[in-house]
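Engineer: Chains as they are written, first to last, in our numbering: chain G, 168 to 574; chain C, 168 to 574.
Encoded as structure tokens, here's the structure I'll be asking about.
Number of protein chains: 2
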Amino acid sequence: MSEILVLGGDGFCGWPTALHLAAHEDNRVTIVDNLSRRRIDDELGAESLTPISTMQTRLEAWEEIAGKERAIGFAEIDIANDYYGILDLINRHGPDAIVHFAEQRSAPYSMKNPETAIYTSDNNEAGTTRVLTAIANSESKPHLVHLGTMGVYGYGHLGKTPIPEGYQEVTVPTDEGPKQSEILYPADPGSIYHMTKVVDQAKFAAYAKFYGLRITDLHQGIVWGTQTDQTKMDQRLINRFDYDGDYGTVLNRFLMQAAIKHPLTVYGTGGQTRAFINIQDTVRCIELAIKNPPEEGDRVAIHNQVTETYRVSELAELISGLTGVAIEYLPNPRAEAAENDLVVRHEHLEGFGLEPTTLADGLLEEVIQVARKYAHRADKSVIPPSSYWNGEVPAAKQLGDKVAGAV
Amino acid sequence: MSEILVLGGDGFCGWPTALHLAAHEDNRVTIVDNLSRRRIDDELGAESLTPISTMQTRLEAWEEIAGKERAIGFAEIDIANDYYGILDLINRHGPDAIVHFAEQRSAPYSMKNPETAIYTSDNNEAGTTRVLTAIANSESKPHLVHLGTMGVYGYGHLGKTPIPEGYQEVTVPTDEGPKQSEILYPADPGSIYHMTKVVDQAKFAAYAKFYGLRITDLHQGIVWGTQTDQTKMDQRLINRFDYDGDYGTVLNRFLMQAAIKHPLTVYGTGGQTRAFINIQDTVRCIELAIKNPPEEGDRVAIHNQVTETYRVSELAELISGLTGVAIEYLPNPRAEAAENDLVVRHEHLEGFGLEPTTLADGLLEEVIQVARKYAHRADKSVIPPSSYWNGEVPAAKQLGDKVAGAV
Numbered sequence: 168m169s170e171i172l173v174l175g176g177d178g179f180c181g182w183p184t185a186l187h188l189a190a191h192e193d194n195r196v197t198i199v200d201n202l203s204r205r206r207i208d209d210e211l212g213a214e215s216l217t218p219i220s221t222m223q224t225r226l227e228a229w230e231e232i233a234g235k236e237r238a239i240g241f242a243e244i245d246i247a248n249d250y251y252g253i254l255d256l257i258n259r260h261g262p263d264a265i266v267h268f269a270e271q272r273s274a275p276y277s278m279k280n281p282e283t284a285i286y287t288s289d290n291n292e293a294g295t296t297r298v299l300t301a302i303a304n305s306e307s308k309p310h311l312v313h314l315g316t317m318g319v320y321g322y323g324h325l326g327k328t329p330i331p332e333g334y335q336e337v338t339v340p341t342d343e344g345p346k347q348s349e350i351l352y353p354a355d356p357g358s359i360y361h362m363t364k365v366v367d368q369a370k371f372a373a374y375a376k377f378y379g380l381r382i383t384d385l386h387q388g389i390v391w392g393t394q395t396d397q398t399k400m401d402q403r404l405i406n407r408f409d410y411d412g413d414y415g416t417v418l419n420r421f422l423m424q425a426a427i428k429h430p431l432t433v434y435g436t437g438g439q440t441r442a443f444i445n446i447q448d449t450v451r452c453i454e455l456a457i458k459n460p461p462e463e464g465d466r467v468a469i470h471n472q473v474t475e476t477y478r479v480s481e482l483a484e485l486i487s488g489l490t491g492v493a494i495e496y497l498p499n500p501r502a503e504a505a506e507n508d509l510v511v512r513h514e515h516l517e518g519f520g521l522e523p524t525t526l527a528d529g530l531l532e533e534v535i536q537v538a539r540k541y542a543h544r545a546d547k548s549v550i551p552p553s554s555y556w557n558g559e560v561p562a563a564k565q566l567g568d569k570v571a572g573a574v
Numbered sequence: 168m169s170e171i172l173v174l175g176g177d178g179f180c181g182w183p184t185a186l187h188l189a190a191h192e193d194n195r196v197t198i199v200d201n202l203s204r205r206r207i208d209d210e211l212g213a214e215s216l217t218p219i220s221t222m223q224t225r226l227e228a229w230e231e232i233a234g235k236e237r238a239i240g241f242a243e244i245d246i247a248n249d250y251y252g253i254l255d256l257i258n259r260h261g262p263d264a265i266v267h268f269a270e271q272r273s274a275p276y277s278m279k280n281p282e283t284a285i286y287t288s289d290n291n292e293a294g295t296t297r298v299l300t301a302i303a304n305s306e307s308k309p310h311l312v313h314l315g316t317m318g319v320y321g322y323g324h325l326g327k328t329p330i331p332e333g334y335q336e337v338t339v340p341t342d343e344g345p346k347q348s349e350i351l352y353p354a355d356p357g358s359i360y361h362m363t364k365v366v367d368q369a370k371f372a373a374y375a376k377f378y379g380l381r382i383t384d385l386h387q388g389i390v391w392g393t394q395t396d397q398t399k400m401d402q403r404l405i406n407r408f409d410y411d412g413d414y415g416t417v418l419n420r421f422l423m424q425a426a427i428k429h430p431l432t433v434y435g436t437g438g439q440t441r442a443f444i445n446i447q448d449t450v451r452c453i454e455l456a457i458k459n460p461p462e463e464g465d466r467v468a469i470h471n472q473v474t475e476t477y478r479v480s481e482l483a484e485l486i487s488g489l490t491g492v493a494i495e496y497l498p499n500p501r502a503e504a505a506e507n508d509l510v511v512r513h514e515h516l517e518g519f520g521l522e523p524t525t526l527a528d529g530l531l532e533e534v535i536q537v538a539r540k541y542a543h544r545a546d547k548s549v550i551p552p553s554s555y556w557n558g559e560v561p562a563a564k565q566l567g568d569k570v571a572g573a574v
């Protein structure tokens, strides 16, 4: 029997992970969430394409389907503000593992304005601080499994070398000649949001060293897909599908545009290469990470939670091929390299048993079962980007308006 | 004319820096402080050996001595909680530079208990977040000069190689053969406090990259000495001298012990090598850093604010030699290597014109003018360590009690 807390269990990755873990008879799952993701939807005037239920309805539906034994607990705690709340929960449940998704996870939102930037920093940093402090001061000292991001690595600032799983071999000149060292891969985040995950890394390394905590950091690529085996079981269990300019990923934007027969808008040349993973694989990765903790005294275990890489233009071509919708190239609202290669190592989780779902295999179902099915709920005005960080706000804004107008 | 804000200008380094900068006719100085250091004194039941005045008395005394033209302004703002307060101040003053000392700076305090750990993280991280966000959103985009610490480097985890000024040359294996890169020196902090300075580094790199901010990070060694040219001018301008187990440095502990004729307590073998700088040099370094900003678009400028290194045992011998007081060796309350070499590069600030004050030259004055002069104010019970992070609290605590009892 494993007792597991899922922090941020109301979110896009958190909810299906909580269900996936709860589906296994060995686990007892409790979700901890302050429901902030729903508040931000309200703030942005956006909502999930898929009609998500309230937390209470979700939990009731799950208990109805899975039975009382498999029921998921819920604690509405703001982990960024309530140290004793989280400490008390840990001491009462004595969890074996804590899965930590409870962070503001949109890069564009974090770059929107001073308030969203400060909120993102404060929330993500103070949350991780309290979780780590609570674990260090708890009786059960649970294994922490954190959802990080591939975005901490940047895109190849060390040269043409595969991005390793967290730690980079380097040679350092010393008085005794060149010496090999394995160091935390030098970070190069692209937004305030990504920066907070770099900050998390610094904290994990420190707490693992000071208090012997067992910590796994999963550097995840862009997640695609919506449903998992559990979220499909009942309409009330359906997962989020975000398509707005802040929370929607490039793939979801394409899917939405295809569903409403709008040209797929590729920013720049589409030569940006990104790493991807399917949501069904995400939930399996979390399970595998929980089952394979580092030992006390080990450094932080870092796994790249990624199964394949694609150029944005290739992705557009894939969806264009499946749907017959054309591609339109537009100036890029982000300050980033126009083109990049991205070679990422991802052997750890596959070594634990992950069998990847590929975009080529899974995309068609996503087009038909989600994007087309719920296209009538789409608010076309929220699809264009609304955060700009290339220093050309007016031009990009105009462009955003043009895109919105064109939809 | 330079307009300068000194955040944390009521503290041990901040106050003499504010005076030093204000003494120059080209500068206009405003202190920003929430007076938290005085609150922590109350919390710990400790106080400065030297009788420091209230902020109001300090400012009045300075204006009396230096004249209305040189008067220092004061804004009581908690930068960790008041973004608009700091933004408004920047926009009203249009400073050329902001000196950022406004952080909880005791490593033992940060390791004391969950509350002091969380306070240290929250305060230091949220303060830096707001200062950076305010600068990025200000009109004048002032140069930020931050007081970092040598403690971000750790002690030689990359092997026997001098610690560089912020950036380390490494060779990375790539598909095109070995490639040279200069990376931020891989951090290895020794406490939550030091970890917050690692977090600061991550934020500085990000904000310099995202918003082109001009940032200088000064990695300071252990500061010794109390008075500067300005703090000596009037009894009401006197600087702090901390000798309690949390805020007192090893050198101040020795000075106090010598003054009250108690054996100098060396933890462990005293083989720990540490980097030092005199307070008079600190204030000059800040001035030199302000005068030598990086360009917009440059990476963060990092200077090691250090002038010499000593083993703790050598330091004890130096003071024992000056005062005739014996040395006593005790178990170490910190989790750290018993012995270490420390070779630190410190060429940047000397290149800007710093002429170092050495311990061998300045210590005697410190013994006579400060430690002996104010020894009658000493509270002997606060000298032993009260934070332990070697996992042997009971033994170390017993030891602390023994030390306290022996005084």
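C-beta atoms are modelled at their ideal positions from N, C-alpha and C, and glycine is treated no differently.
Fair warning: this is a prediction, and the values are worked out from it, not measured in the lab.
So G357/G and A284/G are supposed to be a Cβ contact under 8 angstroms. How far apart are they, rounded?
Structural biologist: That belief does not hold up - the Cβ atoms of G357/G and A284/G are roughly 14 angstroms apart, past 8 angstroms.
Engineer: Between which two residues does the beta strand (DSSP E) containing G518/C stretch?
Structural biologist: From DSSP, G518/C is part of no beta strand (DSSP E) but of the alpha helix (DSSP H) over H515 to G518.
Engineer: Buried or exposed for R297/G, please, with buried defined as at least 16 other CB atoms from any protein chain shown within 10 angstroms of its CB.
Structural biologist: R297/G is buried by the Cβ-count criterion.
Engineer: Can you pull the chain C residues whose beta carbon is under 9 angstroms from the beta carbon of Y250/G, in chain order?
Structural biologist: Within 9 angstroms Cβ-Cβ: P281, E282 and I285.
Engineer: Helix, strand or coil for S348/C? Go by DSSP, reduced to three states.
Structural biologist: Correct three-state label for S348/C: strand.
Engineer: Please compile the residues from chain C whose C-beta is within a distance smaller than 8 angstroms of the C-beta of N290/G.
Structural biologist: Going along chain C, no residue has its Cβ under 8 angstroms from N290/G, so there is no contact; the nearest lies around 11 angstroms.
Engineer: Is the stretch 503-522 of chain C touching the stretch 330-341 of chain C, taking contact as three or more C-beta pairs under 8 angstroms?
Structural biologist: Because the criterion of three Cβ pairs below 8 angstroms is met, the stretch 503-522 of chain C and the stretch 330-341 of chain C touch.
Engineer: Do the stretch 369-385 of chain G and the stretch 393-403 of chain G make contact, defined as three or more Cβ pairs closer than 8 angstroms?
Structural biologist: Verdict: no, contact absent.
Engineer: Here's a check: name, in chain order, each residue in its chain whose Cβ is nearer than 8 angstroms to the Cβ of D657/C, leaving out the five neighbours to either side.
Structural biologist: One cannot answer for residue 657/C here, as it falls past the ends of chain C, which runs 168 to 574.
Engineer: If I follow the unbroken alpha helix (DSSP H) through R420/C, where does it start and stop?
Structural biologist: First-last of the alpha helix (DSSP H) with R420/C: V417 to A426.
Engineer: Going straight from the alpha carbon of A562/G to that of P498/G, what length do you get?
Structural biologist: Residue placement at A562/G is flagged as unreliable, the pLDDT there being 36, under the threshold of 50; a coordinate-derived value is accordingly withheld.
Engineer: For R297/G, return the contacting residues in chain C, with the cut-off set at a CB-CB distance below 7 angstroms.
Structural biologist: Within chain C, the residues near R297/G are I285.
Engineer: Using a cut-off of 9 angstroms between C-beta atoms, extract the partners of T338/G located in chain C.
Structural biologist: Chain C residues near T338/G: V337, T338, V339, P340 and P345.
Engineer: Quick one: Cα of C452/C to Cα of G326/G, how far?
Structural biologist: Going by the C-alpha atoms only, they are around 36 angstroms apart.
Engineer: Taking the alpha carbon of S277/C as the reference point, which residue from N445/C, G412/C, I246/C and G212/C has its own alpha carbon closest?
Structural biologist: Per the Cα distances, G412/C.
Engineer: Pick helix, strand or coil for Q439/C, following the three-state DSSP scheme.
Structural biologist: Coil.
Engineer: State the beta-bridge partners of G529/C as determined by DSSP.
Structural biologist: BP columns for G529/C are empty, so no partner.
Engineer: Cβ closer than 9 angstroms: which chain G residues qualify as neighbours of S348/C?
Structural biologist: What S348/C touches in chain G: H324, L325, G326, V337 and P353.
Engineer: T300/C touches chain G at which residues, Cβ-Cβ below 7 angstroms?
Structural biologist: What T300/C touches in chain G: P281, A284 and I285.
Engineer: Using a Cβ-Cβ distance under 8 angstroms, would M317/C count as near chain G?
Structural biologist: Output row for M317/C: interface = no.
Engineer: Quick check: the Cα distance between V339/G and K346/G, rounded to an integer number of angstroms?
Structural biologist: If you take the alpha carbons of V339/G and K346/G, they lie about 5 angstroms apart.
Engineer: Check the Cβ of V365/G against every Cβ in chain C and list those closer than 8 angstroms, keeping chain order.
Structural biologist: Simply A369 and A373.
Engineer: Can you give me the start and stop residues for the alpha helix (DSSP H) that S358/C sits inside?
Structural biologist: Per DSSP, S358/C belongs to no alpha helix (DSSP H) and is neither H nor E.
Engineer: Reducing DSSP to helix, strand and coil, say where G175/C ends up.
Structural biologist: Of the three classes helix, strand and coil, the one that applies to G175/C here is coil, per DSSP.
Engineer: I'd like to know if I382/C contacts chain G, where contact means its C-beta is closer than 8 angstroms to some C-beta of that chain.
Structural biologist: Chain G contact via Cβ: absent.
Engineer: Among all the DSSP beta bridges, which residues are the ones paired with R237/C?
Structural biologist: Partner(s): none; R237/C has no beta bridge.
Engineer: Fully enclosed by the stretch 242-299 of chain G, which beta strand (DSSP E) runs are 3 residues long or longer?
Structural biologist: Segments of the beta strand (DSSP E) lying fully in the stretch 242-299 of chain G: 264-267.
Engineer: Step through the CB atoms of chain G and report whether any lies within less than 8 angstroms of the CB of M362/C.
Structural biologist: Yes - at least one Cβ of chain G is within 8 angstroms of the one on M362/C.
Engineer: If you follow the beta strand (DSSP E) that D448/G is in, where does it begin and where does it stop?
Structural biologist: Run containing D448/G: none in the beta strand (DSSP E); it sits in the alpha helix (DSSP H), I446 to K458.
Engineer: Helix, strand or coil: which one does DSSP assign to Q394/C?
Structural biologist: Q394/C: coil per DSSP, three-state reduction.
Engineer: Name the two residues that bound the continuous beta strand (DSSP E) containing R478/G.
Structural biologist: E475 to R478 is the span of the beta strand (DSSP E), which, as asked, contains R478/G.
Engineer: If you draw a straight line from the alpha carbon of K235/G to that of N459/G, how long is it in whole angstroms?
Structural biologist: Their Cα atoms are separated by approximately 28 angstroms.
Engineer: Within this structure, are the beta carbons of V473/C and G415/C separated by less than 8 angstroms?
Structural biologist: Contact: no.
Engineer: Just reading off the beta strand (DSSP E) that H313/G is part of, what are its end residues?
Structural biologist: Its beta strand (DSSP E) spans residues H310 to T316.
Engineer: Going by DSSP, what residue range makes up the beta strand (DSSP E) through P218/C?
Structural biologist: Counting along the chain, P218/C falls outside any beta strand (DSSP E), and DSSP gives it neither H nor E.
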